[in-house]
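Just below is one structure, and these are the notes that go with it.
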Amino acid sequence: KGTKETLLSSEEIKGLIGEMLVLKEIVSENPNSFEGWHGPESMRHDFRNNNISIEVKSTSLKDTKKCRIHGHDQLEKPDNTDLYFAYFQFEQDDMGLSIPKLIKEIEGKGVSRVDLEKKLNDVGFDFDKWKKYDETPRRYRLINNFYYIVDDNFPKLTSGSFPEGRLPKNVSEIEYQINLEGVPDLDKDTTDKMIQNFCKEE
Numbered sequence: 110k111g112t113k114e115t116l117l118s119s120e121e122i123k124g125l126i127g128e129m130l131v132l133k134e135i136v137s138e139n140p141n142s143f144e145g146w147h148g149p150e151s152m153r154h155d156f157r158n159n160n161i162s163i164e165v166k167s168t169s170l171k172d173t174k175k176c177r178i179h180g181h182d183q184l185e186k187p188d189n190t191d192l193y194f195a196y197f198q199f200e201q202d203d204m205g206l207s208i209p210k211l212i213k214e215i216e217g218k219g220v221s222r223v224d225l226e227k228k229l230n231d232v233g234f235d236f237d238k239w240k241k242y243d244e245t246p247r248r249y250r251l252i253n254n255f256y257y258i259v260d261d262n263f264p265k266l267t268s269g270s271f272p273e274g275r276l277p278k279n280v281s282e283i284e285y286q287i288n289l290e291g292v293p294d295l296d297k298d299t300t301d302k303m304i305q306n307f308c309k310e311e
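Numbering of the sequence shown is given in my numbering, commencing with residue 110 and proceeding in unit increments.
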């Protein structure tokens, strides 16, 4: 209806850029691990493979280290699985990252355009609007990136936070905000080892 152009919002673009930065790390280690990217499929966690799950969140610099969590199961660790949290801070910058730029970089790591199209179509990225997504207003510079292990000390609400391990009666969904200030993040060696384990093939 009408002729207004539909594009992903700035929040959706930042979120997708964050996921694609994690994806680039993973396929740099092993292109076959591309299939471990589940964010576009609206699964519980954005990445899962080899009993490792990774949830990704992206915010603007002005938000300090706060981010919104959607649902009581988003930071719930699957059985026999380690859950990691990748947190990105961005600001708009005409020389920053864009979705098209990252598509090219990920293709350069050995992932086919066809496979990328299948995933990106699921999140509403229209390849026919490639030039629009490469314009200055849709470019973001990475300010900070932190990785965390989601353990008992990580701020979260899960099923176990409630009596009898389930949401209160007639509460079907929750959304809340966490603050990562003061929460210890993982060093690069630990993060690199986690990516390597994620990408291992039997």
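We put the CB at the ideal spot given by N, CA and C, even for glycine.
Here's the rule I'm using: 16 or more other beta-carbon atoms within 10 Å means buried, otherwise exposed. How should residue i be labelled?
| i | result |
| --- | --- |
| N158 | buried |
| V280 | exposed |
| D298 | exposed |
| K166 | buried |
| H179 | exposed |
| T190 | exposed |
| W239 | exposed |
| L132 | buried |
| D203 | exposed |
| K123 | buried |
| T300 | buried |
| S168 | Reading the sequence as shown, one finds Thr at residue 168 and not Ser. Burial call: buried. |
| S142 | buried |
| G219 | exposed |
| G148 | buried |
Can the beta-carbon of residue i be found closer than 9 Å to that of residue j?
| i | j | result |
| --- | --- | --- |
| I126 | S221 | no |
| F199 | I252 | yes |
| N139 | C308 | yes |
| F263 | H181 | no |
| T173 | N254 | no |
| G78 | E150 | Because the chain in this structure spans residues 110 to 311, residue 78 falls outside the shown range and cannot be described. |
| R146 | K228 | Note that residue 146 is Trp in the sequence shown, not Arg. The answer is yes: Cβ separation under 9 Å. |
| R247 | L116 | yes |
| R177 | G205 | no |
| D235 | P209 | no |
Which same chain residues, not among the five before or five after residue i, have their C-beta less than 8 Å away from its C-beta?
| i | result |
| --- | --- |
| V259 | E164, L184, K186, L192, Y193, F194, K265 |
| Q305 | E138 |
| L225 | I212, I215, E216 |
Leaving out five residues on either side along the sequence, give the residues of the same chain with a beta carbon under 6 Å from the beta carbon of residue i.
| i | result |
| --- | --- |
| M129 | L211 |
| H154 | S162, E164 |
In terms of residue numbering, what span does the beta strand (DSSP E) encompassing residue i cover?
| i | result |
| --- | --- |
| I283 | I283 -> no beta strand (DSSP E), and no H or E assigned at all. |
| F255 | 249-258 |
In the DSSP assignment, find the unbroken alpha helix (DSSP H) run with residue i in it and report its ends.
| i | result |
| --- | --- |
| F307 | 297-308 |
| W239 | 239-242 |
| K133 | 119-138 |
Under 9 Å between C-beta atoms, does residue i make it to chain D?
| i | result |
| --- | --- |
| M303 | In summary, chain D is missing from the structure at hand, where a single protein chain is found. |
Identify, in the order they occur along the chain, each residue of the same chain with its Cβ nearer than 7 Å to the Cβ of residue i, setting aside the five sequence neighbours on each side.
| i | result |
| --- | --- |
| R275 | S268 |
| D294 | F255, Y256, Y257 |
Hey, which unbroken runs of the alpha helix (DSSP H) at 4 residues or more fall wholly within the segment 152-224? 208-216
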